[in-house]
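Protein chains: 4
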Amino acid sequence: MNALNRLAELFGKLPGIGPRQAKRFVYYLLQSPPAMRKEMAELIEGLSKEVRQCELCYRFYTTESSNSKRCAICANEARETESLMVVEKDVDIDAIERSGSYKGLYFVLGGIIPVLESKKGLARTKELLRAVDARKPKEIILALSLTTDGEHTSDQLRELLHPLAEKQSSKLSVLGRGLSTGSELEYADPETIKSALKGRG
Amino acid sequence: MNALNRLAELFGKLPGIGPRQAKRFVYYLLQSPPAMRKEMAELIEGLSKEVRQCELCYRFYTTESSNSKRCAICANEARETESLMVVEKDVDIDAIERSGSYKGLYFVLGGIIPVLESKKGLARTKELLRAVDARKPKEIILALSLTTDGEHTSDQLRELLHPLAEKQSSKLSVLGRGLSTGSELEYADPETIKSALKGRG
Amino acid sequence: MNALNRLAELFGKLPGIGPRQAKRFVYYLLQSPPAMRKEMAELIEGLSKEVRQCELCYRFYTTESSNSKRCAICANEARETESLMVVEKDVDIDAIERSGSYKGLYFVLGGIIPVLESKKGLARTKELLRAVDARKPKEIILALSLTTDGEHTSDQLRELLHPLAEKQSSKLSVLGRGLSTGSELEYADPETIKSALKGRG
Amino acid sequence: MNALNRLAELFGKLPGIGPRQAKRFVYYLLQSPPAMRKEMAELIEGLSKEVRQCELCYRFYTTESSNSKRCAICANEARETESLMVVEKDVDIDAIERSGSYKGLYFVLGGIIPVLESKKGLARTKELLRAVDARKPKEIILALSLTTDGEHTSDQLRELLHPLAEKQSSKLSVLGRGLSTGSELEYADPETIKSALKGRG
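Residue numbers (our numbering), protein chains in the order written: chain A, 10 to 210; chain B, 10 to 210; chain C, 10 to 210; chain D, 10 to 210.
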């Protein structure tokens with residue numbers, strides 16, 4: 010296989026990219042200035058050197074943003090250590106931070122606990138137990154997506170964490186449900202309406 | 010214009026139907042059993058006779074479902090009269106009822122209060138004031154969609170109802186916000202995350 | 010079931026309409042002027058009286074557009090009788106007529122010949138054979154869609170008509186293939202490109 | 010800006026990629042094996058060294074696929090030199106080659122001639138004139154997409170090439186129009202139907 014096809018093959022592994030778009034990426038790069046290709050290549054290869062995974066929350070961070078073994082959030086002494094929010098993946102942290110309404114710490118699960126047992130093993134559940142044990146947060150917020158897999162993960166984590174949380178008096182909570190921005194009442198499902206009614210104010 | 014084109018033109022006025030789909034409706038009916046066409050025609054024409062608008066909540070109802078001047082919900086003595094929920098349109102009531110979590114009464118606004126002044130006049134605001142004045146509910150729940158127009162309507166209604174609500178000690182509330190079923194954290198907007206965090210439990 | 014729900018059920022049978030949109034149609038009609046509902050009802054019921062099926066081409070037509078037992082096209086002596094175009098359904102004729110480039114006659118098959126034998130029987134194949142036998146066109150144009158079912162129907166019709174066409178020296182043809190308006194070369198399938206190359210000029 | 014954000018920014022320049030998907034690419038790479046990142050980086054950077062642009066048709070090719078200054082197609086003596094097909098971009102050649110129905114040579118325009126004058130300059134029109142002058146093909150096939158820009162480019166090229174083509178007796182042709190695979194008659198535009206009728210057989 011020649012270089013163009015092999016590169017298209019690698020691009021085709023990126024999330025959401027099919028073989029044709031992958032090929033278009035290659036042709037786009039071919040017509041880009043060599044300096045751009047050089048920078049992209051260096052950044053990709055540099056990920057190994059410049060990017061670390063936080064020893065506390067398992068989030069990826071660059072050595073530029075933090076020099077310690079901890080990411081900028083975990084290393085920030087102004088963050089409130091009594092709250093620990095469990096999210097599925099790194100980008101979820103970006104979404105929470107954009108809201109500017111959370112000042113606590115995070116734990117990146119790195120995957121969901123799928124409904125089918127056979128797929129198990131991706132989520133860092135042991136590491137989560139260890140983190141909760143070590144950090145003894147006053148509140149553990151399970152911040153999973155409200156998808157089938159996300160809700161299943163939430164249920165499983167609640168069961169998993171319950172004994173430890175009880176022992177060390179940590180409160181276990183989940184994000185509130187209700188109408189989201191853009192929701193039309195007409196199309197809202199019963200569960201969402203129930204929560205929206207309960208949470209009215 | 011011949012009958013086929015005229016009927017297609019009328020179907021083209023139905024919400025979400027373009028000229029081509031309207032024409033397909035006509036061809037579909039042409040190939041349907043005459044009995045189906047007859048029943049559909051009779052039901053459409055019968056709407057005037059068999060359907061009334063509730064004098065209390067302005068909801069449409071059939072004379073089959075209620076014999077009085079009030080719809081089945083307003084006529085139902087088991088409903089809690091201390092809550093009045095304001096919705097935009099009839100189908101919104103269906104969505105709330107499906108959730109099985111509301112036992113109070115409704116008021117159908119019949120339209121939204123658009124952001125542009127020039128479009129005003131659709132929502133039954135005077136009738137709403139009159140209904141609140143007459144029924145003196147302990148709580149008025151504004152249950153509008155979380156769209157731009159819905160949120161604007163909610164704000165306007167709150168302002169409109171505030172003096173009267175204060176006078177008769179009615180609580181004014183809105184549906185709770187948060188993550189809806191299906192929401193992915195990664196794509197949730199800051200406002201939704203803020204509410205979801207506030208409403209966690 | 011009450012009148013509103015029954016009407017929604019009937020609307021839900023129209024092509025492409027789900028239960029929710031059907032219900033919106035009902036609410037839309039409830040809020041429409043009674044005169045519009047009356048006209049729609051009369052037009053729907055009148056379809057039986059005012060619409061006939063052409064005895065030659067099986068197309069539906071209104072008695073307003075033609076008084077005879079034949080539709081306006083079949084009754085039009087200016088149309089060229091030596092060409093007979095076979096289409097799947099009435100709306101296909103509208104598309105051809107919009108192009109203004111065909112002056113011959115039509116035959117509406119009323120369905121396709123599906124790939125799975127078990128579904129057979131919808132297309133008026135016997136009537137087509139009879140029409141070709143009676144009208145002895147110089148050319149029979151098979152104008153089916155280029156979908157799997159359409160192409161299968163085309164193949165089957167070609168086989169079916171071949172002996173008779175040969176006997177009476179009728180030419181059997183199909184619509185030309187090539188790039189359609191909007192086609193992007195990059196996404197064109199090999200078959201289309203092959204035809205486009207062959208048909209270049 | 011740190012390395013993660015800068016890489017996301019560069020990925021965001023790839024065709025069809027927004028800032029969020031660009032960020033997902035970065036996180037995907039972070040979790041990929043270092044060997045994959047290394048290979049991708051080397052392939053991207055290597056594009057400059059291993060990829061050349063054909064001096065005849067302006068197509069990109071790897072030094073693996075051809076050692077000369079010409080791409081594998083231009084260097085292939087079995088190709089018919091009397092036909093020259095003008096395409097917009099490299100991937101269009103892939104589509105034509107997949108059809109297996111063209112044995113001539115190509116010329117990659119490298120862009121379209123946009124309807125708005127102000128955007129001019131991308132298409133290699135001077136190089137095309139020079140190529141036609143030098144190679145004197147018997148036929149020049151304009152194989153542009155049937156989009157607004159593609160059709161405009163086709164018209165402009167025809168005008169541009171006409172004097173030279175006339176002088177050296179080159180035939181100027183365009184790809185044939187008609188129904189493409191998947192086309193439904195009902196939705197076909199008049200222009201396509203006209204061509205399909207003309208090209209029937």
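The beta carbon of each residue, even a glycine, is placed where N, CA and C say it ideally should be.
For residue i, three-class secondary structure by DSSP
i, result
"D:S41", "coil"
"A:V60", "strand"
"B:L181", "strand"
"A:Y196", "helix"
"D:L155", "coil"
"A:Y67", "coil"
"B:R79", "coil"
"C:R139", "helix"
"C:V124", "coil"
"A:S74", "coil"
"D:S92", "strand"
"A:A209", "Residue 209 of chain A is actually Arg in this sequence, not Ala. In this structure, A:R209 counts as coil in the three-state DSSP scheme."
"A:L1", "Because chain A spans 10 through 210 in this model, residue 1 of chain A falls outside it and cannot be assessed."
For residue i, the first and last residue of its enclosing beta strand (DSSP E)
i, result
"A:I149", "148-151"
"B:Y111", "That residue, B:Y111, is in no beta strand (DSSP E); it is neither H nor E in DSSP."
Same chain, Cβ closer than 8 angstroms to residue i, five either side skipped, listed in chain order
i, result
"D:L173", "L138, V141, D142, S179"
"B:G185", "S204, G208"
Residue burial classification, residue i (beta-carbon count within 10 angstroms, cutoff 16)
i, result
"B:P146", "buried"
"D:S77", "exposed"
"A:E97", "buried"
"A:V183", "buried"
"D:R107", "exposed"
"C:S192", "buried"
"C:Y115", "buried"
"A:Q165", "buried"
"B:E54", "buried"
"D:S57", "exposed"
"D:A197", "buried"
"D:L131", "exposed"
Sequence-distant residues of its chain with Cβ nearer than 7 angstroms to residue i (five each side left out)
i, result
"C:A84", "S75, S77"
"C:K112", "R88, E89"
"C:T3", "With chain C covering 10 to 210 only, the question about residue 3 of chain C has no answer from this structure."
"A:T8", "As shown, chain A starts at 10 and ends at 210. That puts residue 8 of chain A outside it, with no answer to give."
"D:T156", "none"
"C:F34", "F20"
"B:I26", "F20"
Where the alpha helix (DSSP H) containing residue i begins and where it ends
i, result
"C:S108", "99-108"
"C:L13", "12-20"
Minimum Cβ-Cβ distance from residue i to chain D less than 8 angstroms
i, result
"C:K47", "no"
"C:Y111", "yes"
"C:P13", "Note on identity: in this sequence residue 13 of chain C is Leu, with Pro being the wrong assignment. No, its Cβ sits nowhere closer than 8 angstroms to a Cβ of chain D."
Close Cβ partners of residue i (< 6 angstroms) along its chain, the five nearest in sequence each way excluded
i, result
"D:P272", "This structure gives no information on residue 272 of chain D, because the portion of chain D shown stretches from 10 to 210."
"D:T5", "Residue 5 of chain D is absent from the model: chain D starts at 10 and stops at 210."
"D:L194", "none"
"B:A205", "G187, L188"
Cβ of residue i within 8 angstroms of any chain C Cβ
i, result
"B:P43", "yes"
"D:V124", "no"
"D:A140", "no"
is_contact[residue i, chain A] using C-beta, thresh 8 angstroms
i, result
"B:R186", "yes"
"B:D101", "yes"
"D:Q229", "Examination of residue 229 of chain D is not possible in this model, given that chain D is present from 10 through 210 alone."
"D:K78", "no"
"B:E146", "Strictly speaking, residue 146 of chain B in this sequence is Pro, with Glu absent from that position. With 8 angstroms as the cut-off, B:P146 does not count as an interface residue toward chain A."
"B:E200", "yes"
"D:S154", "no"
Proximity test, Cβ basis, 8 angstroms: residue i and chain B
i, result
"A:E193", "yes"
"C:G159", "no"
"C:E106", "no"
"C:I121", "no"
Neighbouring residues, chain E, relative to residue i (Cβ below 7 angstroms)
i, result
"B:L23", "Absent here is chain E; the protein component of the structure consists of chains A, B, C and D."
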